[in-house]
Structures are given as C-alpha cells and as structure tokens.
Amino acid sequence: MDVAFNVTRKCNKGCDYCYLNLTGEDLPLERITEIVESSNPETVTLTGGEPLMYPHIEDLLGFLSERKTHVHLLSNGILLDDYLSVIREADAELFVTCNEPNERVSQNLHRANREGIDVNLHHVLTKESITSLDDICQDLDFAKSLLLLYPTDLGDGKVEMYKPDEWFPLLDSAISKTQSYGIKTYFEQAFAKKGSQLEKQQPCPTGEDLFIDSDGKSYPCCLLVDKMQGSVEPTPIRITPERCYFIRNNPLPESSEYIRICPIVITDKYDGSLQFPSHLGDNE
Numbered sequence: 000m001d002v003a004f005n006v007t008r009k010c011n012k013g014c015d016y017c018y019l020n021l022t023g024e025d026l027p028l029e030r031i032t033e034i035v036e037s038s039n040p041e042t043v044t045l046t047g048g049e050p051l052m053y054p055h056i057e058d059l060l061g062f063l064s065e066r067k068t069h070v071h072l073l074s075n076g077i078l079l080d081d082y083l084s085v086i087r088e089a090d091a092e093l094f095v096t097c098n099e100p101n102e103r104v105s106q107n108l109h110r111a112n113r114e115g116i117d118v119n120l121h122h123v124l125t126k127e128s129i130t131s132l133d134d135i136c137q138d139l140d141f142a143k144s145l146l147l148l149y150p151t152d153l154g155d156g157k158v159e160m161y162k163p164d165e166w167f168p169l170l171d172s173a174i175s176k177t178q179s180y181g182i183k184t185y186f187e188q189a190f191a192k193k194g195s196q197l198e199k200q201q202p203c204p205t206g207e208d209l210f211i212d213s214d215g216k217s218y219p220c221c222l223l224v225d226k227m228q229g230s231v232e233p234t235p236i237r238i239t240p241e242r243c244y245f246i247r248n249n250p251l252p253e254s255s256e257y258i259r260i261c262p263i264v265i266t267d268k269y270d271g272s273l274q275f276p277s278h279l280g281d282n283e
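Quick note on numbering that gives the first Met the number 0: the sequence shown kicks off at 0 and runs consecutively.
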C-alpha cells in the first residue's frame, strides 16, 4: 500500500483546475508520522496545495529519508530553489506541473536535474496549453516522463471539460509532439468506448492506496475531498463509479458512443496498460 498526503491547503497559485478549497490549513506532522509508521508504505506522495509551503516539509522529508521511503513530491516548481538540497538528500522524485514556459521554474528544474534529482512533468492539456508543449519539451527534455492531464471541473464552472471527440484528437496531437523529444508520455484516459473491455473494467484508483487530506482524515481519492465526509480511520476507502461524485454529476449523453470513466486513470502510451497516479514512476 502507498500513501498520499495533502500536507497543506496553502498555495502560491490559484489554478482553475485545482480540486481543493485552498483554506490554508496544514496537516499535523505527528499525524503523518503516525500513519507512515503504522502502514509502512513503499511510496509516499506529498501534495497539496503547494507542499513546499508546508511549514514542516524539511522535517518530513528527513523523516521519510531515514525510513528509506520512496517519495513523490508534487509541486508547481516555483519554490524549488530553496529546497533542492533537502529534496536530493531525501532522494525524492519530482512531479512538476508545467502548463506554459516559466523562466523561474525552468531554472529550478535544470538545477534539480544537474543535482541528480529525477524530474517528471505534469501538463493540464487544453486547446490553449498545447501551443506551449514544444517549448516545454525542448527546454526540459531531460524529464523522465510527462503526464497529460484531463481538465476536470468539480462544479465551479471554471474549467471547460472536453468531449471525447475533442479530447482524443487533442491527445493525439500532444503525444506526437512529446514523442519527438523522447519523453515517455502518459495520459489520463477520461473516457471508454461503449462495449469495450475498458467500459466493463471501469478502473477506479480507490481502495488500493491511502489518501489523507490536511484534516487528517481518509478519503477515497483526491477528487472526492471536499465532496464527501472523510473517515478518521487511516484505511483505504473503496468507492464505485456509480457513487463517484465526478462521474455521477458529469454524464455523457445517451447517444454518445463513450462513457465517462475516472479522469485520473492513467494510460501508458507505450504498452497500453492502466495505472493510477500514485504509482506513476515506480517502475521507471
């Protein structure tokens, strides 16, 4: 079992596609250490908010390093220059969201690469952001992988969610760009064709790994935080597609040849296998 923590609800950005209410609270360090010691995970994912704004981030990385726990650190990359040494010492793997070229983030990631830190990229793929992919991949061609994210709206109406006939051509165009740079590319599937094995399988990331929000409670997955009541028990929570807030509230028309599946199910472009976000990079 792996564990993911929303260590803070602080952030130095306000992205439309963010699934959290940025209320500013922090997850107590004692709660994190208690859960890690009791569950003994192979991989711990640190996210938020912006995890580098967590006041105990250095102590937390040191604790995980002492336990020789594999760490995935999800960040927007802006504050990396102040923490690269502790990230390197913890042998943490970076997953940085890059939706457009940013000089400060670029400099931080180049420095991270020079210091031997594994760098992976996330990109929320839109009709607008795809114009930046060439520049991003050319600049950061040392990245181990790139994950193309489906833009999800959780009820605020801020994000345009693409239909299948828009999403798949957009993916094809993006992947043709990224593969020319040799960056291993993954993407969020978002849809399954009716009658397909994928429709029957209905992959869902819940129930396998533990997801803890900044309130210290367990939730089925990141998309359902703030949408349902958490559990005080630090155990993975299984949920069905029929009960999922996102799928239930965003149905496709009956006439569509596709159904909507969990948007955070990742497809490996190279072998077609499915996996979940917490495991991306484990077998690189």
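From the three backbone atoms N, C-alpha and C, an ideal C-beta is built for every residue, glycine too. Predicted model only: the values in this text are computed from it and were never measured.
| message | When you compare the CB positions of Y185 and I265, do they come within less than 7 angstroms of one another, or not? | response | yes
| field | Whole-angstrom distance between S255 and D81, CA atom to CA atom | value | 49 angstroms
| message | Using the Cβ count rule (16 or more neighbours within 10 Å means buried), how would you classify N75? | response | buried
| query | Buried or exposed: which applies to Q287, given that a residue is buried once 16 or more other Cβ atoms fall within 10 Å of its Cβ? | reply | Nothing about residue 287 can be read from this structure; the chain reaches only from 0 to 283.
| said: Out of L72, G13 and C261, which one is the CA nearest neighbour of T42? | reply: L72
| message | Please state the DSSP three-state secondary structure of R66. | response | coil
| said: I'd like to know if the segment 95-106 and the segment 119-137 are in contact, where contact means that at least 3 CB-CB pairs between them fall below 8 angstroms. | reply: yes
| task | Select from C17, A89 and I135 the residue whose C-alpha is nearest the C-alpha of Q106. | result | I135
| request: Go through its chain and collect everything with a Cβ distance to T32's Cβ below 7 angstroms, but skip five positions before and after it. | output: F62
| request: Pull up the CB-CB distance for F4 and I263, whole angstroms please, since I reckon it's below 8 angstroms. | output: Between I263 and F4 the Cβ distance is about 17 angstroms, and since that is not below 8 angstroms, they are no contact.
| task | Determine the extent of the beta strand (DSSP E) in which A191 is found, giving its start and end residues. | result | F190 to K192
| said: Would R8 and L28 qualify as a contact pair, given that the criterion is a beta-carbon distance under 7 angstroms? | reply: no
| said: Under DSSP, the alpha helix (DSSP H) around Y244 begins and ends at which residues? | reply: Y244 to N248
| What are the partner residues of S230, as DSSP defines its beta bridges? | S217
| query | By Cβ distance, which residues of its chain are closer than 8 angstroms to I116, with the 5 residues on each side in sequence left out? | reply | L83, I86, R87, A91, E92 and L93
| said: Could you tell me the alpha carbon to alpha carbon distance between A111 and V104, rounded to whole angstroms? | reply: 10 angstroms
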